[in-house]
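Novice: One structure, as structure tokens, below. Some questions next.
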Amino acid sequence: MAKPKVATTSLAGCFGCHMSLLDIDDRILKLVELVDFDKSPVDDIKEFTGRCTVGLIEGGCCNEENVHVLQDFRKHCDILISVGDCAIMGGIPAMRNTIPLKECLDEAYLNGPTVHNPGGQIPNDPEIPLLLDKVYPCHEVVKIDYHLPGCPPPADTLWEALVALLSDKPVDLPYELIKYD
Amino acid sequence: MSDKITFTIDGVEVQADPGQTILEAAEQAGVYIPRLCHHKELKPHGSCRVCTVLANGRPMASCTQPAAEGMVIENESEQVTKIRKNLIEMLFVEGNHFCMFCEKSGNCELQAQAYRHGIAAPKYPYLFPAREVDASHPDIFVDHNRCILCARCVRASKDLDGKNVFQFVGRGKDKRVAVNAKAKLADTNADVTDKALEVCPVGALLKKRVGYAVPVGERLYDHKPIGSEIEAKRS
Numbered sequence: 001m002a003k004p005k006v007a008t009t010s011l012a013g014c015f016g017c018h019m020s021l022l023d024i025d026d027r028i029l030k031l032v033e034l035v036d037f038d039k040s041p042v043d044d045i046k047e048f049t050g051r052c053t054v055g056l057i058e059g060g061c062c063n064e065e066n067v068h069v070l071q072d073f074r075k076h077c078d079i080l081i082s083v084g085d086c087a088i089m090g091g092i093p094a095m096r097n098t099i100p101l102k103e104c105l106d107e108a109y110l111n112g113p114t115v116h117n118p119g120g121q122i123p124n125d126p127e128i129p130l131l132l133d134k135v136y137p138c139h140e141v142v143k144i145d146y147h148l149p150g151c152p153p154p155a156d157t158l159w160e161a162l163v164a165l166l167s168d169k170p171v172d173l174p175y176e177l178i179k180y181d
Numbered sequence: 001m002s003d004k005i006t007f008t009i010d011g012v013e014v015q016a017d018p019g020q021t022i023l024e025a026a027e028q029a030g031v032y033i034p035r036l037c038h039h040k041e042l043k044p045h046g047s048c049r050v051c052t053v054l055a056n057g058r059p060m061a062s063c064t065q066p067a068a069e070g071m072v073i074e075n076e077s078e079q080v081t082k083i084r085k086n087l088i089e090m091l092f093v094e095g096n097h098f099c100m101f102c103e104k105s106g107n108c109e110l111q112a113q114a115y116r117h118g119i120a121a122p123k124y125p126y127l128f129p130a131r132e133v134d135a136s137h138p139d140i141f142v143d144h145n146r147c148i149l150c151a152r153c154v155r156a157s158k159d160l161d162g163k164n165v166f167q168f169v170g171r172g173k174d175k176r177v178a179v180n181a182k183a184k185l186a187d188t189n190a191d192v193t194d195k196a197l198e199v200c201p202v203g204a205l206l207k208k209r210v211g212y213a214v215p216v217g218e219r220l221y222d223h224k225p226i227g228s229e230i231e232a233k234r235s
């Protein structure tokens, strides 16, 4: 029987959650015995090659590309997991949610104390994904099946949850593995 | 003749002194009822409703409701837990609770209640309200993003500090804690040693320059759920 496939992505995140996944240390050898990685920055596969059992989402949605990738993951994955506080509540990027988008851009490209932008141009190339009005948690965009909070979630949290899911057991994490920081 | 009141919590017999609230009597018996606005040094306020129990089938705030003879209390039933979870989740979405960089994280009672109730993510949409930070005072931050309107600071300032520094203004979703001055906390007689500061359950009132002093792993709620110390007293 073919191994179940896992896909991962980082949307509006810092890759810290992926670092935490690598932090499972030598258990990563066991993990590659258990699963194959599909679309993921871990193996640099850019497009889905088929259906995946588990999709791990790091980061929330701050632009239209994030939304497209997230919808693509929903389409291709049986189980979708929000990994980390950014995926769950927007995280640090969501600090802009209380400030109008125009003000954010003006501060970043025009008014900030270290800005050098003589042309006074705010990036607006069609190649650049359009920013959303605010940063959205993943479960406000598509259906998410599990949430693993933390900044990042501890390696043990990711490991325990993945192993439980892949062996058809309930994800029942102990008190110390569910933390918001 | 004993003047004790006898009632049951989740089928277990508990004794209370006359006038004692359900929450106090439970605590004495080693039964923890989750709470946020309640603080044992302050007058009960009954505003967060996290301590809701079913008393003879009706939802009541156990921090304000006196125990009565023969009362049948549900504390950990599915229905009660669901009410509490919903309340805690609503508190998370109606403020801006960025645990990842909050100085209170690990010692925060709101966060600890979420941990205790096994909340991985709130089911309600986040509101991301625009709220202010008042850093005017030389020793104290006021971060309204994290305020859950529990009134602990209001009560402590009035009743324990004798200062009346804080009070509620506005109504409904615009309700917030204001300071007793024209504009900022710096203009009040608030002091870093005030009880009002100490009783804040979240990171809304913080001492400056002492953040992150306790390392991760050694904070109040890193290893044991909030309320464990009360449950440990259970005979």
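Quick note, the sequences are listed as chains A and B, same order. So that you can map any letter, position 162 of the first sequence is 162 in the numbering used here, and since no number is skipped, the others follow by simple counting. So that you can map any letter, position 229 of the second sequence is 229 in the numbering used here, and since no number is skipped, the others follow by simple counting. All C-beta atoms in this analysis are idealised placements derived from N, C-alpha and C, irrespective of residue type, glycine included. A quick note: this is a predicted structure, and the numbers were derived from the prediction, not measured.
Measure how close the beta-carbons of B/P125 and B/E89 come, nearest whole angstrom, since I'm counting them as under 8 angstroms.
Specialist: Within the second sequence, the letter at position 125 stands for residue 125 of chain B. Within the second sequence, the letter at position 89 stands for residue 89 of chain B. Actually they do not touch by this definition, with Cβ atoms about 11 angstroms apart.
Novice: Check each candidate in B/G57, B/K104, B/D3 and B/P18 and name the one with the smallest Cα separation from B/V199.
Specialist: In the second sequence, the residue the question calls residue 199 of chain B occupies position 199. Out of B/G57, B/K104, B/D3 and B/P18, the CA that lies nearest to the CA of B/V199 is found in B/K104.
Novice: Assuming the contact rule is C-beta atoms closer than 8 angstroms, A/T8 and A/V42 should be a hit. Round their C-beta distance to whole Å, please.
Specialist: Along the first sequence, one-based indexing puts residue 8 of chain A at 8. Along the first sequence, one-based indexing puts residue 42 of chain A at 42. Cβ atoms of A/T8 and A/V42 come within 8 angstroms of each other, at about 6 angstroms.
Novice: Go ahead and pull the three-state DSSP assignment for B/K195.
Specialist: As a first step, residue 195 of chain B must be located in the second sequence, where it is residue number 195. Helix at B/K195.
Novice: Select from the stretch 122-135 of chain B all residues with a C-beta closer than 9 angstroms to any C-beta belonging to chain A, and list them in chain order.
Specialist: Of all residues in the stretch 122-135 of chain B, only P122, K123, P125, Y126, F128, P129, A130 and R131 place a beta-carbon less than 9 angstroms from a beta-carbon of chain A.
Novice: For a cutoff of 8 angstroms on Cβ pairs, would you count A/N97 as touching chain B?
Specialist: The residue given as residue 97 of chain A occupies position 97 in the first sequence. Chain B, which has a Cβ nearer than 8 angstroms to the Cβ of A/N97, makes this yes.
Novice: Under 7 angstroms between beta-carbons, which chain A residues line up against B/A213? List them in chain order, please.
Specialist: Counting from 1 along the second sequence, the entry for residue 213 of chain B is found at position 213. For B/A213, none of the residues of chain A pass the 7 angstroms Cβ criterion, the least Cβ distance being about 15 angstroms.
Novice: Is the distance from the Cβ of B/V14 to the Cβ of B/I33 below 8 angstroms?
Specialist: Taking the second sequence and counting its residues from 1, one reaches residue 14 of chain B at position 14. Taking the second sequence and counting its residues from 1, one reaches residue 33 of chain B at position 33. Their beta carbons are not under 8 angstroms apart, which means B/V14 does not touch B/I33 by this criterion.
Novice: Report yes if the CB atom of A/Y189 is closer than 8 angstroms to the CB atom of A/D25, and no otherwise.
Specialist: The first residue shown for chain A is 1 and the last is 181, placing residue 189 of chain A beyond what the model contains.
Novice: Could you say if the stretch 140-159 of chain B and the stretch 175-183 of chain B meet the contact criterion of at least three C-beta pairs nearer than 8 angstroms?
Specialist: yes
Novice: Distance cutoff 8 angstroms, beta carbons only. Does B/A112 sit that close to anything in chain A?
Specialist: In the second sequence, counting from the first residue as 1, residue 112 of chain B sits at position 112. Chain A contact via Cβ: absent.
Novice: Output yes or no for whether 8 angstroms exceeds the beta carbon distance between B/I83 and B/I22.
Specialist: On the second sequence, position 83 is the one that residue 83 of chain B refers to. On the second sequence, position 22 is the one that residue 22 of chain B refers to. No; because the gap between Cβ atoms is not below 8 angstroms, this pair is not in contact.
Novice: Flag B/Y115 as yes if its beta-carbon sits less than 8 angstroms from any beta-carbon of chain A, otherwise no.
Specialist: In the second sequence, counting from the first residue as 1, residue 115 of chain B sits at position 115. B/Y115 counts as touching chain A.
Novice: Report the start-end ranges of each beta strand (DSSP E) in the stretch 178-224 of chain B that is 3 residues or longer and not cut off at the edges.
Specialist: 205-207
Novice: Compare the C-alpha of B/N75 against each of B/T193, B/G57 and B/T188 and name the closest.
Specialist: Residue mapping note: residue 75 of chain B aligns to position 75 of the second sequence, counting from 1. Ranking the options by Cα distance to B/N75, first place goes to B/G57.
Novice: Taking 8 angstroms as the cut-off, decide whether the C-beta atoms of B/L110 and B/P201 are in contact.
Specialist: Sequence index remark: in the second sequence, residue 110 of chain B carries index 110 (1-based). Sequence index remark: in the second sequence, residue 201 of chain B carries index 201 (1-based). Contact flag set, yes.
Novice: Which residues share a DSSP beta bridge with B/P59?
Specialist: For the purposes of this step, residue 59 of chain B is taken as the residue at position 59 of the second sequence. DSSP output for B/P59 lists B/L54 as bridge partner(s).
Novice: So, at 8 angstroms on beta carbons, what are the nonlocal neighbours of A/V141 in its own chain, with the 5 sequence-adjacent residues on each side left out?
Specialist: Numbered from 1 along the first sequence, position 141 holds the residue referred to as residue 141 of chain A. Result list for A/V141: C61, V67, L70 and Q71, in chain order.
Novice: Cutting at 6 angstroms between CB atoms, please list the residues of its own chain near A/E64, excluding the five before and the five after it.
Specialist: Mapped onto the first sequence, residue 64 of chain A falls at position 64. Excluding sequence neighbours, A/E64 sits near P129 and L130.
Novice: For A/G60, which beta-bridge partners are listed by DSSP?
Specialist: As a position in the first sequence, residue 60 of chain A is number 60, starting the count at 1. A/A12.
Novice: Could you check the C-alpha separation between B/C48 and A/R27 for me, to the nearest Å?
Specialist: For this step, residue 48 of chain B is matched to residue 48 along the second sequence. For this step, residue 27 of chain A is matched to residue 27 along the first sequence. Each residue's alpha carbon lies about 44 angstroms from the other.
Novice: Answer yes or no: does any C-beta atom of chain B fall closer than 8 angstroms to that of A/V163?
Specialist: Walking along the first sequence from the start, residue 163 of chain A turns up at place 163. No, its Cβ sits nowhere closer than 8 angstroms to a Cβ of chain B.
Novice: Please go through the same chain and pick out, in chain order, the residues whose beta-carbon is closer than 6 angstroms to the beta-carbon of B/Q20, but skip the five residues on each side of it.
Specialist: By 1-based counting over the second sequence, the position of residue 20 of chain B is 20. For B/Q20, where only same-chain residues beyond five positions count, the Cβ hits under 6 angstroms are A67.
Novice: Give the secondary structure of A/T53 by DSSP, where H, G and I count as helix, E and B as strand, and everything else as coil.
Specialist: As a first step, residue 53 of chain A is located in the first sequence; it is residue number 53 there, counting from the start. Assigned with DSSP and collapsed to three states, A/T53 falls in strand.
Novice: Using Cβ-Cβ distances below 7 angstroms, what residues of the stretch 110-136 of chain A are close to chain B?
Specialist: K134
Novice: Which bits of chain A does B/F168 rub up against, with CB to CB less than 7 angstroms?
Specialist: Indexing the second sequence from 1 puts residue 168 of chain B at position 168. Chain A residues near B/F168: none, gap ~21 angstroms exceeds 7 angstroms.
Novice: Use the C-beta contact count for A/N117: other C-beta atoms within 10 angstroms, 16 or more gives buried, fewer gives exposed.
Specialist: The residue given as residue 117 of chain A occupies position 117 in the first sequence. So A/N117 ends up on the exposed side.
Novice: Looking at chain A, is there any beta carbon in it that lies within less than 8 angstroms of the beta carbon of B/N96?
Specialist: Along the second sequence, one-based indexing puts residue 96 of chain B at 96. For B/N96, the closest Cβ of chain A is nearer than 8 angstroms.
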